[in-house]
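Numbering (the numbering used here), first residue to last: 1 to 563.
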């Protein structure tokens, strides 16, 4: 036991020493590792700062611009070029502009404040420049089409010209499909060239446009477009709402995969005179074609959804659209058409299908075909006042409603077809202020806008001698407890002309002088030398006949001042 005691006493000392030596060794290892890590961080930071300075890519901007012009056939300008290595390898382009090709007026098709292109770092080791994503900040795009159907964005080279040209380049720059392209706050306009060679008014304009596209094939988008397949039924000689609902031409998507697809949002999009706001849609792009799927937007106080497509493959660009409308403020909508302002108010809902050509004609219906159904509630026709004269007749005999605006109505429904620059309705139904109206006819929007409508108005009434007198004097009919007055609406939207026309009740009195100074019961087709009755004179005469004469009150002499 005596010999083992010193050994036992020395074991703790050896253990402590070994632990201290191990701790010192570990501390030194950590310090070395930390030092190596700091060295690489500093080296990486230096590379991030120094390499872009050593690789002064800005000095190549003129060469890059010349190369773009050689490949695309369009002049290009670059304000500044820079490279960035952190957090990803990318190239930044400031103040980029791409000009119009030959055959178009001087100007640019594209101007971008900043472009950021993220590169594939692995491909760089193989001396390949592949773009992983492209970000365009605040671009401005101006699209132009000439009289031959050629657009300023099309590449004059044939086939896969861009890809072939870049594959021959020593830089090994590839323009294969770009996985992602984003566009922020873009402004887009599209117009046709006038015969003078100058750009005409824009038929399309987009503000605050933001897109997120996938699998973008720039070469396919720059290729000349091909007309889409169009399906159209044979109308024969009869044009109705039913046939036009089938016959309206719609561009069919090509069987090939799209050159790009994604989503689009916009603050506003304007098509001709109409504007949509808060736009959201899915987007498909083909050579010469654009499809807006599941389109949703605000429309003059209401909402709308549908689908829209554009086809630039023809000499004159074409469009096709389907839309469902609800809660649209008709007064605000008609503000877009100067000749129709203030002519009709109310809340509108409906369905429509239209197609046509994008031209710079002053007629909104030029080249348009379509069909649909609309319903308007709680509105007025201030300038027409369809019920004014009829209500005056009704009030004489105490028929129907006796109060309220003569131009107001609770509901209006109509089918319509658009063809030959006119909107034609075969059935128009108006529930007015105590008077119901059924009619049909057509209108044109060109110039002052022409009207050609006919119909009948019905007023509830009893079988009384006064009713028979009104029938004989006004040319109306009485049956089933209702007074019926046939009428015409002609003239223009600026100056509509409402007139009563002869019915069965006045047929036997054709040409007979009226006691009110008008000719009653005369149709224009019956006697060419006589005109239709003037409803205003007729109404005033009837009203005057039954108006109670007021007893004149004796005039009181003014009091004499006291003497």
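Where is the CB? At the ideal position from N, CA and C, for every residue including glycine.
Per DSSP, residue 149 has no beta bridge partner at all. DSSP assignment within the segment 456-499 yields the following whole beta strand (DSSP E) runs of 3 residues or more, N-terminal first: 477-479, 482-492. One alpha carbon belongs to residue 280, the other to residue 184, and they sit about 14 angstroms apart. Take residue 148, set aside five residues on each side of it, and the residues of its chain with a beta-carbon closer than 7 angstroms to its own are 315, in chain order.
Under a 10 Å Cβ-count criterion, residue 484 is classified as buried, with 16 or more other Cβ atoms of the shown protein chains found around its own Cβ. Between the beta-carbon of residue 144 and that of residue 199 there is about 6 angstroms, and that keeps the pair under the 8 angstroms contact cut.
In the assembly as shown, residue 310 is a buried residue. Its beta-carbon has 16 or more other beta-carbons within 10 Å. Residues 326, 327 of the same chain have their beta carbon placed closer than 7 angstroms to that of residue 303, with the five preceding and five following residues left out of the count.
Under the three-state reduction of DSSP output, residue 121 falls in the helix class.
Here DSSP, grouped into helix, strand and coil, assigns residue 191 to strand.
Pairing residue 470 with residue 432, the inter-Cα distance amounts to about 20 angstroms. For the pair of segments examined, the segment 476-490 was found to touch the segment 450-457: the number of CB pairs separated by less than 8 angstroms reaches three. Under the three-state reduction of DSSP, residue 339 is assigned to helix. Shown here, residue 56 sits in coil according to DSSP, grouped into three states, outside any helix or strand.
For residue 418, the enclosing beta strand (DSSP E) has its first and last residue at 408-419. Going by beta carbons, residue 352 and residue 372 fall inside the 8 angstroms limit. Here residue 66 is exposed, its C-beta having fewer than 16 other C-beta atoms within 10 Å. Residue 265 holds the alpha-carbon nearest to the alpha-carbon of residue 293 among 265, 104, 300. Here residue 259 really is in contact with residue 285; their C-beta atoms are around 5 angstroms apart, less than 8 angstroms. The C-beta of residue 56 has fewer than 16 other C-beta atoms within 10 Å across all chains shown, which makes the residue exposed. Closest in C-alpha terms to residue 79, from the list 89, 61, 70, comes 61.
With contacts defined by Cβ atoms closer than 8 angstroms, residue 131 and residue 74 do not form a contacting pair. Residue 259: not part of any beta strand (DSSP E); DSSP gives it neither H nor E. Burial check for residue 480: the Cβ neighbour count within 10 Å stays below 16, so the residue is exposed. Shown here, residue 66 sits in a helix according to DSSP, grouped into three states.
In this structure the segment 112-127 touches the segment 76-95; the number of beta carbon pairs closer than 8 angstroms is three or more.
A straight line joining the alpha-carbon of residue 221 with that of residue 178 spans about 12 angstroms.
Check the Cα spacing between residue 382 and each of 324, 77, 409, 113: the tightest is with 409. For the pair residue 277 and residue 188, the Cα-to-Cα distance works out to about 15 angstroms. Assignment of beta-bridge partners to residue 177 by DSSP yields no partner. Closest option to residue 296, judged by alpha-carbon separation, among 180, 287, 322: 322. Closest by C-alpha distance to residue 136, out of 305, 459, 86, 210, is 210. DSSP links residue 431 through a beta bridge to 411, 436. Residue 319 is a Cβ neighbour of residue 355, given a cutoff of 8 angstroms.
Relative to residue 369, the option among 441, 331, 423, 123 whose CA is nearest is 423. Distances from the CA of residue 496 to each of 376, 450, 476 were compared; the closest alpha carbon is that of 450.
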